[in-house]
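Step one of this worksheet: look at the structure below.
Number of protein chains: 2
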Amino acid sequence: MTSSADVASHAGVSRSTVSQILNGHDHRFTPDMVLRVRQAAEDLGYRPSVAGRTLVRGTSDIVITLIPDVTIGPPLRELIDLITQELATAGYTNLLRLASTGASFEDAVLGLRPMGVVSLAPLSPDQRTRLEAQNVRVVEQSLEVQIAIDGAIGRLQAAHLGRMGYSRIAAAMPLIPRELPFATARAQGVRDWCEAEGVQVVDTLHIDMARGAMSHPTTMFGHAQLGVAAYNDDVAMAVVGAASKAGLRVPADIGVIGVDNADFGGVSSPTLSTIKLDLALSSHAIVEALVRGDGLPTSSLEDLSRQFTVIQGESSALTPSGRRPNH
Amino acid sequence: MTSSADVASHAGVSRSTVSQILNGHDHRFTPDMVLRVRQAAEDLGYRPSVAGRTLVRGTSDIVITLIPDVTIGPPLRELIDLITQELATAGYTNLLRLASTGASFEDAVLGLRPMGVVSLAPLSPDQRTRLEAQNVRVVEQSLEVQIAIDGAIGRLQAAHLGRMGYSRIAAAMPLIPRELPFATARAQGVRDWCEAEGVQVVDTLHIDMARGAMSHPTTMFGHAQLGVAAYNDDVAMAVVGAASKAGLRVPADIGVIGVDNADFGGVSSPTLSTIKLDLALSSHAIVEALVRGDGLPTSSLEDLSRQFTVIQGESSALTPSGRRPNH
DNA sequence: CACATCGATTGTCACGTGTCAATCCGTGGA
DNA sequence: TCCACGGATTGACACGTGACAATCGATGTG
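From first to last, the protein sequence lines are chains A and B. Numbering-wise (numbering that gives the first Met the number 0), the first sequence opens with residue 0 and increments by one. Numbering-wise (numbering that gives the first Met the number 0), the second sequence opens with residue 0 and increments by one.
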């Protein structure tokens with residue numbers, strides 16, 4: 000394991016010179032000296048020890064990103080990639096940790112003296128407090144913002160179903176406790192739009208996602224021309240499956256729109272209408288806030304709604320006017 | 000940021016005493032002294048600095064797990080969780096990094112002097128060489144093992160379809176270059192089983208997973224009673240969708256089995272038959288190999304096949320004997 | 001009573017780094 | 001010739017930790 004002392008002796012200079020040149024203070028030195036040191040570091044494959052640097056600086060260049068407890072599809076993956084790359088450009092190292100891995104998070108991570116923590120899922124208030132007590136910068140997807148986003152998605156789904164001509168609208172949510180707060184916000188968003196537009200709201204459908212659970216659908220579809228705003232594409236698929244088992248036609252009798260733009264929704268029959276979440280522009284705001292050190296600015300809801308795109312599939316094409324947009 | 004010196008002065012002893020008691024050498028000290036130091040550390044919320052420890056030991060307690068460039072569903076997520084927990088039990092900290100985040104991996108990570116790297120995706124040979132040159136233990140899902148696993152899955156799918164009575168069998172693979180080596184191994188596994196059992200093999204179907212691509216299915220289903228072994232549940236759904244658009248019945252005319260046991264496959268109509276991958280027992284082998292320091296023992300194929308379970312859905316229930324197992 | 005013994009506790013060193021004060025050396029002015 | 005100047009380079013320190021040698025003190029032995 001080569002150290003800066005090795006580089007120094009290899010270049011015939013003092014270790015101090017090596018350290019300064021490699022840390023941006025090269026203007027104090029002769030050009031050929033700079034070149035010689037750089038070359039020596041290159042030859043020896045020198046990588047400064049994070050441990051040594053952390054020790055002297057009091058804080059490391061490490062940022063820990065907490066990954067929420069959901070399946071990580073292409074969009075979320077891309078967001079993480081972007082955050083990692085932008086942090087790298089700013090000189091920081093992004094490392095990941097699953098939020099599902101118990102309380103061990105703080106024990107395991109705080110010893111690293113990370114420069115900051117990015118939490119893609121809401122943190123508990125005392126978790127946040129403890130992190131900040133250790134001078135760790137925190138940028139999180141707060142519960143408020145998350146709920147605002149979910150509400151906006153619910154409204155967007157309802158608006159789509161209304162535009163397509165469904166006269167009654169319901170939300171469909173999975174029976175997973177962990178998802179409850181978000182599901183509630185979604186359903187509220189659906190209700191909000193319907194009340195504002197004077198469209199009839201039907202009680203929220205609770206969908207059991209266990210294998211085969213929909214084989215014997217109940218009379219949950221007691222309405223003709225019902226539009227269903229599903230929690231995600233999986234739930235949307237369950238609704239389509241249940242309707243099919245009940246002998247109802249999609250989209251003629253029941254319309255469905257999901258969220259996520261999952262692969263299977265684009266190739267099933269019928270193809271699923273869905274909402275695509277574009278997370279790209281958030282990454283910049285996150286990294287910016289982290290590096291500057293202040294909190295993440297609460298985006299206005301106008302800004303948020305721009306991040307969503309309705310993708311028209313066959314599952315909600317009630318009216319003949321429902322054409323597929325070019326994509 | 001409290002250091003061991005703070006704990007020492009708080010307990011009225013020397014820093015050396017603190018260090019020894021907190022590192023398992025407590026048998027050398029009086030019980031009440033041990034208690035006093037432990038209490039002081041607790042009171043001050045002391046967490047030893049990874050940097051300091053790394054510096055003096057020459058290597059850190061950090062393990063970096065490289066996450067492959069695929070969507071991370073519940074099974075993979077659970078594997079990562081298990082690895083993290085088992086490593087924590089052994090005193091190591093597991094941190095994650097996406098494999099897709101460019102070549103910056105080595106620059107960013109090697110400075111941490113990690114104890115080891117777990118790669119859930121095959122590494123390039125020179126990557127592995129460079130890691131080992133820095134005394135980093137490497138445990139990877141080698142290309143050979145990955146291909147052996149895929150071959151076994153393909154055989155299992157073909158065997159299921161054959162058992163269900165489909166007289167002709169085809170593999171269905173997505174058009175994604177990144178997946179090509181694995182897809183090829185799967186198709187080969189399907190072919191192997193068919194040749195061994197004397198069942199007719201049909202040319203591999205190449206499935207375009209772009210939205211709406213299957214709306215105008217070609218004449219790819221030129222065979223009655225065709226069994227299709229799909230690359231995953233998404234591809235299986237595409238096959239079902241295309242069959243449906245072509246006016247063919249599933250499972251009567253075409254049988255389909257996927258891989259992954261994804262949620263949507265259990266609630267669609269028809270429900271998808273699939274293969275569930277049980278990754279639990281691999282985590283133990285991985286951590287074991289990493290902590291011991293030798294390479295990951297190449298599991299025999301018999302062992303591997305035990306990790307797979309066929310889940311019977313409606314999409315491959317050609318024969319009346321095809322009953323749904325209790326689960 | 002002197003001394004060896006042994007358990008309990010402490011002192012010291014090294015790890016690799018970044019920063020800043022200190023030193024070196026060549027040049028120009030008085 | 002001497003000194004001040006200033007740019008180029010180096011020395012020394014601190015960061016927090018774990019391991020090991022060294023020290024302390026009390027007890028038992030001759």
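C-beta atoms are modelled at their ideal positions from N, C-alpha and C, and glycine is treated no differently.
Let me confirm a value: residue i is counted as buried when at least 16 other C-beta atoms fall within 10 Å, else exposed. Which label applies?
i, result
"Gln199 of chain B", "exposed"
"Asp202 of chain A", "exposed"
"Asp22 of chain A", "Going by the sequence as given, residue 22 of chain A is Asn instead of Asp. Under this definition Asn22 of chain A is an exposed residue."
"Asp31 of chain B", "exposed"
"Ser59 of chain B", "buried"
"Leu97 of chain A", "buried"
"Val239 of chain B", "buried"
"Asn93 of chain A", "buried"
"Ser48 of chain A", "buried"
"Met0 of chain A", "exposed"
"Arg248 of chain B", "exposed"
"Gln38 of chain A", "exposed"
"Leu179 of chain B", "exposed"
"Val55 of chain B", "exposed"
"Ala251 of chain B", "exposed"
"Pro319 of chain A", "Because the pLDDT of Pro319 of chain A is 47, which lies under 50, any placement of that residue in the model is unreliable, and the number read from its coordinates should be weighed accordingly. Classification of Pro319 of chain A: exposed, given that the 10 Å Cβ count is below 16."
"Arg27 of chain B", "exposed"
"Arg177 of chain A", "exposed"
"Thr88 of chain B", "exposed"
"Val6 of chain A", "buried"
"Gly57 of chain A", "exposed"
"Thr53 of chain A", "buried"
Report the option in the options whose CA atom is closest to the CA atom of residue i.
i, options, result
"Gln174 of chain A", "A:Arg52, A:Asp207 and A:Arg185", "Looking at the sequence provided, one finds Leu at residue 174 of chain A rather than Gln. The residue with the shortest Cα to Cα distance from Leu174 of chain A is A:Asp207."
"Asp233 of chain A", "B:Gly72, B:Ala39 and B:Asp42", "B:Gly72"
"Arg46 of chain B", "A:Glu41, A:Thr308 and A:Arg129", "A:Arg129"
"Gly292 of chain B", "B:His159, B:Val138 and B:Gly240", "B:Val138"
"Ser281 of chain A", "A:Ile82, A:Ile63, A:Ser166 and A:Pro30", "A:Ile82"
"Lys244 of chain B", "A:Ala223, A:Gly254, A:Ser268 and A:Ala235", "A:Ser268"
"Thr273 of chain B", "B:Ile63, B:Thr53, B:Ser315 and B:His283", "B:Ser315"
"Gly161 of chain A", "A:Ile61, A:Thr1 and A:Asp191", "A:Asp191"
"Ile63 of chain B", "B:Leu78, B:Phe104 and B:Val69", "B:Phe104"
"Arg336 of chain B", "B:Ala209, B:Leu225, B:Gly197 and B:Val189", "Any question about residue 336 of chain B goes unanswered here, given that chain B covers just 0 to 326."
"Glu287 of chain A", "A:Arg96, A:Gly115 and A:Glu143", "A:Gly115"
"Ile310 of chain B", "B:Val290, B:His283 and B:Asp277", "B:Asp277"
"Arg185 of chain B", "B:Ala171, B:Glu194, B:Gly150 and B:Ala169", "B:Gly150"
"Ala327 of chain B", "B:Val69, B:Asp42 and B:Met172", "Residue 327 of chain B is absent from the structure shown; chain B starts at 0 and stops at 326."
"Ile79 of chain A", "A:Asp262, A:Gly246, A:Gln19 and A:Ser118", "A:Ser118"
"Asn134 of chain A", "A:Leu289, A:Thr308, A:Ala212 and A:Leu317", "A:Leu289"
"Gly211 of chain B", "A:Asp262, A:Gln19 and A:Gly90", "A:Asp262"
"Gly44 of chain B", "A:Gly254, A:Arg136 and A:Leu109", "A:Leu109"
"Glu143 of chain B", "B:Ala132, B:Leu155 and B:Pro124", "B:Pro124"
"Glu196 of chain A", "A:Gly257, A:Ala158 and A:Leu111", "A:Ala158"
"Asp106 of chain A", "B:Ala182, B:Tyr91, B:Glu77 and B:Leu155", "B:Tyr91"
"Ala209 of chain B", "B:Ile253, B:Leu111, B:Leu34 and B:Ala241", "B:Ala241"
"Thr70 of chain A", "A:Arg112, A:Ser99 and A:Gly265", "A:Ser99"
"Gln145 of chain A", "A:Met163, A:Thr183, A:Ile253 and A:His24", "A:Thr183"
Please report the Cβ distance between residue i and residue j, rounded to the nearest whole angstrom; I am assuming they are in contact, meaning their Cβ atoms lie under 8 Å.
i, j, result
"Ser3 of chain A", "Val17 of chain A", "5 Å"
"Ala228 of chain A", "Gly153 of chain A", "6 Å"
"Ala223 of chain B", "Leu271 of chain B", "Contact flag wrong, Cβ pair sits at about 21 Å."
"Ala120 of chain B", "Pro67 of chain B", "4 Å"
"Ala171 of chain A", "Leu204 of chain A", "4 Å"
"Asn357 of chain A", "Val255 of chain A", "Summary: the structure shown does not reach residue 357 of chain A, with chain A confined to residues 0 through 326, and so no result is reported for it."
"His283 of chain A", "Glu85 of chain A", "7 Å"
"Ile20 of chain B", "Val36 of chain B", "5 Å"
"Met163 of chain A", "Leu317 of chain A", "5 Å"
For residue i, list the residues DSSP reports as bridge partners.
i, result
"Arg248 of chain B", "Bridge partners of Arg248 of chain B: none, in fact."
"Met172 of chain B", "B:His205"
"Ser272 of chain B", "B:Ile256"
"Thr308 of chain A", "A:Lys275"
"Gly226 of chain A", "A:Ile168 and A:Gly254"
"Gln199 of chain A", "A:Arg167"
"Ile61 of chain B", "B:Thr92"
Secondary structure, beta strand (DSSP E): runs of 3+ residues fully inside the region 106 to 164 of chain B: 115 to 118 and 136 to 139
Contained beta strand (DSSP E) runs [length at least 3] in the region 65 to 109 of chain B, N- to C-terminal order: For the region 65 to 109 of chain B, whole beta strand (DSSP E) runs of length 3 or above, ordered along the chain, are 92 to 97.
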